[in-house]
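Asks: My questions will all concern the structure given below.
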Amino acid sequence: MDSIVVEALVRALAVGTPLLLACLGAILNERAGVVNLGVEGMMAVGALAAFAVASRSPDASLWAAVGAAMLAGAALSGLHAVATVTLRANQFVSGLALALIGTGAAGLLGKKFEGLPLFNKVQDWTLGSFTISPFTVAALILAGLLAFWLNATRSGLTLRSVGENPAAADVLGVNVGLTRVLAVLGGGALAGLAGAFLALSYRSSWADNMVGGLGWIAVALVIFVGWRPLRAIAGALFFGFLYYLQFRLQGNSNVPTEVFSAMPFILVLVVLALAGLRGQAGDAPAALGRPYVRGER
Amino acid sequence: MRFVAVTAPSAARTALVTVASVVVALLVCALVFALAGQSPAEVYGTMLRGTLGDPTGLAEVGRRTIPLLLIGAGLALAFRAQFFNIGAEGQLLLGAVFAAGTALFLPVPGALLVPAVFVAGFIGGGLWALVAAALRRVNVNEILSTLMLNYIAVALVTYLIAGPWKGKDVRGYIYTDTFPQGAWLPTLSGTQVHWPTLLLGVALALGLQWLLSRSTFGYALRVVGENPGAAHYAGLSSARVATLVALLTGGLAGLAGAGEVAGIHHRLLEASQISLGYGFTAVIVAWLARGNPALCLITAPLMAVILAGGDLLKIDLNLPFRVVDIFSGVILLCLIASEVFVRHRVKWGRA
Chain A
276 MDSIVVEALV RALAVGTPLL LACLGAILNE RAGVVNLGVE GMMAVGALAA FAVASRSPDA
336 SLWAAVGAAM LAGAALSGLH AVATVTLRAN QFVSGLALAL IGTGAAGLLG KKFEGLPLFN
396 KVQDWTLGSF TISPFTVAAL ILAGLLAFWL NATRSGLTLR SVGENPAAAD VLGVNVGLTR
456 VLAVLGGGAL AGLAGAFLAL SYRSSWADNM VGGLGWIAVA LVIFVGWRPL RAIAGALFFG
516 FLYYLQFRLQ GNSNVPTEVF SAMPFILVLV VLALAGLRGQ AGDAPAALGR PYVRGER
Chain B
4 MRFVAVTAPS AARTALVTVA SVVVALLVCA LVFALAGQSP AEVYGTMLRG TLGDPTGLAE
64 VGRRTIPLLL IGAGLALAFR AQFFNIGAEG QLLLGAVFAA GTALFLPVPG ALLVPAVFVA
124 GFIGGGLWAL VAAALRRVNV NEILSTLMLN YIAVALVTYL IAGPWKGKDV RGYIYTDTFP
184 QGAWLPTLSG TQVHWPTLLL GVALALGLQW LLSRSTFGYA LRVVGENPGA AHYAGLSSAR
244 VATLVALLTG GLAGLAGAGE VAGIHHRLLE ASQISLGYGF TAVIVAWLAR GNPALCLITA
304 PLMAVILAGG DLLKIDLNLP FRVVDIFSGV ILLCLIASEV FVRHRVKWGR A
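Chains A and B are the protein sequences, given in the same order.
Quick note on our numbering: the first sequence kicks off at 276 and runs consecutively.
Quick note on our numbering: the second sequence kicks off at 4 and runs consecutively.
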């Protein structure tokens, strides 16, 4: 019995890790008022960049691979920053374009990495009968740091003010545009890190479409957890556990496998509807999704 | 750098900015191909030669224009009402499912079978979109819900063709039996251009344009989209507009799905074979047309060239079909990023 509980927890943590990292990134840019639906694409380029660096040679630096993933995610989200902050484009549609560009570019540029071995995967840490990826530990720490930073520091307050009331922040001398650009870049870097986990630790290979919808679930998770980093840990664990159940029940029951592959997406809808009915969507940063133009409101 | 508003931008300015943004997008894509070690000249040359260069290629473009026109015209309407339906892919699949169910299992008399297949397709797509409209009433963003519904639709199709609807005569493969001949759509000879669906698309694009610009519903739709506050005070229910728009756009995507299975494949098969990403590409068709269904008559063939060209890149240059996503994404990004230049002039220097 114990081993089943441990296995469930280990698995839930593993699938929950990319969800948590990507969700933290989305929380970061959404708290500054910018929605970025491109998470799926940023995770894809992050995974590819990490794999491309780490598979170069047996002694390629994993730090360099992780750095490349974060840079790739940030670079892609930089397009979003220019389009939505500087050129005031529709944030939802821009994010969608980003998802297409990211998955498409990763598929094209990654073709030559398909089926290649990874010499240097990130080793899990063993704690008794329990193994955990360093990425998981990092994600949990980052959730705590982001919560602390947003709620207890001056610069965190500044970021939140830009998401809640950019006009007021502007009057107080905050550079709204710069704050939002930095938040979007940070969000992209975290999504890239989530992709690095997939390529270096979870699957330790490169395949087209390896993100497989996790990015979209991360975007929905942000609403479910009410834009709060610590709650994101619970949300990511919850969806990680669902993936575990899917894996566990597949083949062990008469239920068709397609039901399990559709399950996370059905549950996202249910969860979003529940969050909506509870009025949680009202917790969104007040200026979320709206470009800021000085002198307009 | 700052932006100075242009009051009432001219049609010429709008067209110029649109064309310029597409040109920039194609240049950016060329850069991506160069990065991937492909010669952009070879990529674009292959795409153009194989699509506009010969009759077979043109027929391939025509075949892909059909679903893009139907879905794009519907989405143009949806975007005008600020209903961001991104789930046309799933709605198309549900249209295909309903159409296949009708063709395979319903005892419809011969002459009525083709109309029944289309009606079923409309209902299937419309119902799938209504799920998103209903969820919107409890504050679920329709971009997210329609996307999730896409994934669920793919699983549903796989379940049907591998399970209860799996053909009796097929071994090893997963698809249904072939539809009875009475449910096949006629095609232009020697091509896969199922012309009844094409005519339907042209008629509906023009009809929706009329609906948008001349009818009371179209007026309500535009007010809800452009000024939700005013719509509320005028007593226009944005929820009702969203529901009707969802039904219409989903229905049109469903018609596209019915056309694909009844006109080309004659059976229900895997989702990735029914649609080559028509749902997402149609988003760009609608955006390029700037929310005018009739203009999709021009923009749908344009994007069909890119889809047909993507197929050629896969066959001739061994590139993954995902390159089409790069085209779609970059064009979309350039389009929306350029919108500011339609309504603003750029002044250099500090304010």
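Where is the CB? At the ideal position from N, CA and C, for every residue including glycine.
Cβ closer than 8 Å: which chain A residues qualify as neighbours of residue 306 (chain B)?
Replies: Here the question's residue 306 (chain B) lines up with position 303 in the second sequence. Within chain A, no residue comes near residue 306 (chain B); the closest Cβ sits about 13 Å away, beyond 8 Å.
Asks: Pairing CB atoms from the stretch 311-320 of chain A with CB atoms from the stretch 364-379 of chain A, are three or more of them under 8 Å?
Replies: Yes: at least three Cβ pairs fall under 8 Å.
Asks: Check distances from the C-beta atoms of the stretch 28-55 of chain B to those of chain A and list, in chain order, the residues that come in under 9 Å.
Replies: Residues 35, 36, 38, 39, 40 and 41.
Asks: How long is the line joining the alpha carbons of residue 145 (chain B) and residue 78 (chain B), rounded to whole angstroms?
Replies: The sequence position of residue 145 (chain B) within the second sequence is 142, counting from 1. The sequence position of residue 78 (chain B) within the second sequence is 75, counting from 1. Distance between the alpha carbons of residue 145 (chain B) and residue 78 (chain B) is about 13 Å.
Asks: Let me know if residue 184 (chain B) comes out buried or exposed under the rule of 16 or more other beta-carbons within 10 Å of its beta-carbon.
Replies: Locating residue 184 (chain B) in the second sequence gives position 181, where the first residue counts as 1. With fewer than 16 Cβ atoms within 10 Å of its Cβ, residue 184 (chain B) is classed as exposed.
Asks: According to the neighbour-count rule (16 or more other Cβ atoms, all chains shown, within 10 Å of its Cβ), is residue 394 (chain A) buried or exposed?
Replies: Here residue 394 (chain A) refers to the residue found at position 119 when the first sequence is read from its first residue. Residue 394 (chain A) should be labelled exposed.
Asks: My guess is that residue 28 (chain B) and residue 337 (chain B) are in contact by the Cβ rule of under 8 Å, so how many angstroms apart are they, rounded?
Replies: Here residue 28 (chain B) refers to the residue found at position 25 when the second sequence is read from its first residue. Here residue 337 (chain B) refers to the residue found at position 334 when the second sequence is read from its first residue. With a Cβ gap of about 4 Å, residue 28 (chain B) and residue 337 (chain B) count as contacting.
Asks: Check the Cβ of residue 10 (chain B) against every Cβ in chain A and list those closer than 8 Å, keeping chain order.
Replies: The sequence position of residue 10 (chain B) within the second sequence is 7, counting from 1. Neighbours of residue 10 (chain B) on chain A: none; closest Cβ ~15 Å, over 8 Å.
Asks: Taking CB distances under 7 Å as the criterion, tell me whether residue 362 (chain A) reaches chain B.
Replies: Residue 362 (chain A) sits at position 87 when you count from the first residue of the first sequence. Yes, contact with chain B.
Asks: Please identify the residue among B:36, B:5, B:160 and B:21 whose C-alpha is closest to the C-alpha of residue 274 (chain B).
Replies: In the second sequence, residue 274 (chain B) corresponds to position 271, counting from 1. That would be B:160, whose Cα lies nearest to the Cα of residue 274 (chain B).
Asks: Looking at the C-beta of residue 560 (chain A), does it have a partner C-beta in chain B at a distance below 7 Å?
Replies: For the purposes of this step, residue 560 (chain A) is taken as the residue at position 285 of the first sequence. Taking Cβ atoms only, chain B never reaches closer than 7 Å to residue 560 (chain A), which makes this a no.
Asks: Terminal residues of the continuous alpha helix (DSSP H) containing residue 486 (chain A)?
Replies: Counted from its first residue, the first sequence places residue 486 (chain A) at position 211. First-last for residue 486 (chain A): undefined, no H or E at that position.
Asks: Can you pull out the residues from the stretch 275-303 of chain B whose beta carbon lies closer than 8 Å to at least one beta carbon of chain E?
Replies: Absent here is chain E; the protein component of the structure consists of chains A and B.
Asks: So, under 8 Å CB-CB, residue 257 (chain B) and residue 125 (chain B) are touching, yes? Tell me the CB distance rounded to an integer number of Å.
Replies: Within the second sequence, the letter at position 254 stands for residue 257 (chain B). Within the second sequence, the letter at position 122 stands for residue 125 (chain B). The pair is a contact, with the Cβ atoms about 5 Å apart (cut-off 8 Å).
Asks: For residue 302 (chain B) versus residue 311 (chain B), is the C-beta distance shorter than 7 Å?
Replies: Against the second sequence, residue 302 (chain B) aligns to sequence position 299. Against the second sequence, residue 311 (chain B) aligns to sequence position 308. Going by C-beta atoms, residue 302 (chain B) is not nearer than 7 Å to residue 311 (chain B).
Asks: Per the DSSP calculation, residue 268 (chain B) is bridged to which residue(s)?
Replies: Locating residue 268 (chain B) in the second sequence gives position 265, counting from the first residue. Answer is none; residue 268 (chain B) lacks a bridge partner.
Asks: The alpha helix (DSSP H) spanning residue 317 (chain B) covers which residue range?
Replies: In the second sequence, residue 317 (chain B) corresponds to position 314, counting from 1. Where residue 317 (chain B) is concerned, the enclosing alpha helix (DSSP H) stretches over 299-320.
Asks: Should the stretch 424-439 of chain A be regarded as contacting the stretch 544-556 of chain A, the criterion being three or more beta carbon pairs within less than 8 Å?
Replies: Because the criterion of three Cβ pairs below 8 Å is not met, the stretch 424-439 of chain A and the stretch 544-556 of chain A do not touch.
Asks: Could you check the C-alpha separation between residue 243 (chain B) and residue 148 (chain B) for me, to the nearest Å?
Replies: Position 240 of the second sequence holds residue 243 (chain B). Position 145 of the second sequence holds residue 148 (chain B). So the alpha carbons of these two residues sit roughly 18 Å apart.
Asks: Nearest by alpha-carbon distance to residue 288 (chain A): which of A:508, A:451 and A:552 is it?
Replies: Position 13 of the first sequence holds residue 288 (chain A). Nearest option by C-alpha distance: A:508.
Asks: At which residue ranges does the stretch 387-413 of chain A contain complete beta strand (DSSP E) runs of 3 or more residues, listed in the order of the chain?
Replies: Runs found: 400-402 and 405-407.
Asks: Consider the Cβ of residue 236 (chain B): report whether some Cβ of chain A lies at a distance smaller than 7 Å.
Replies: The count along the second sequence starts at 1 and reaches residue 236 (chain B) at position 233. False, the Cβ-Cβ gap to chain A never drops below 7 Å.
Asks: Could you tell me if residue 328 (chain A) is buried or exposed, where buried requires 16 or more neighbouring beta carbons within 10 angstroms of its beta carbon?
Replies: What you label residue 328 (chain A) is simply residue 53 of the first sequence in a count that begins at 1. Label assigned to residue 328 (chain A): buried.
Asks: Kindly indicate which three-state DSSP category residue 87 (chain B) falls into: helix, strand or coil?
Replies: In the second sequence, the residue the question calls residue 87 (chain B) occupies position 84. If DSSP states are grouped into helix, strand and coil, residue 87 (chain B) belongs with coil.
Asks: Going straight from the alpha carbon of residue 385 (chain A) to that of residue 481 (chain A), what length do you get?
Replies: Taking the first residue of the first sequence as position 1, residue 385 (chain A) is located at position 110. Taking the first residue of the first sequence as position 1, residue 481 (chain A) is located at position 206. Roughly 8 Å separates the two Cα atoms.
Asks: Classify residue 237 (chain B): buried if its beta carbon has 16 or more other beta carbons within 10 angstroms, exposed otherwise.
Replies: By one-based count along the second sequence, residue 237 (chain B) stands at place 234. Exposed: under 16 other Cβ atoms inside 10 Å.
Asks: Confirm, please, whether the CB-CB distance from residue 246 (chain B) to residue 136 (chain B) is below 7 Å.
Replies: Translated into positions along the second sequence, residue 136 (chain B) becomes position 133. Translated into positions along the second sequence, residue 246 (chain B) becomes position 243. Against a cut-off of 7 Å, the Cβ pair of residue 246 (chain B) and residue 136 (chain B) comes out as a contact.
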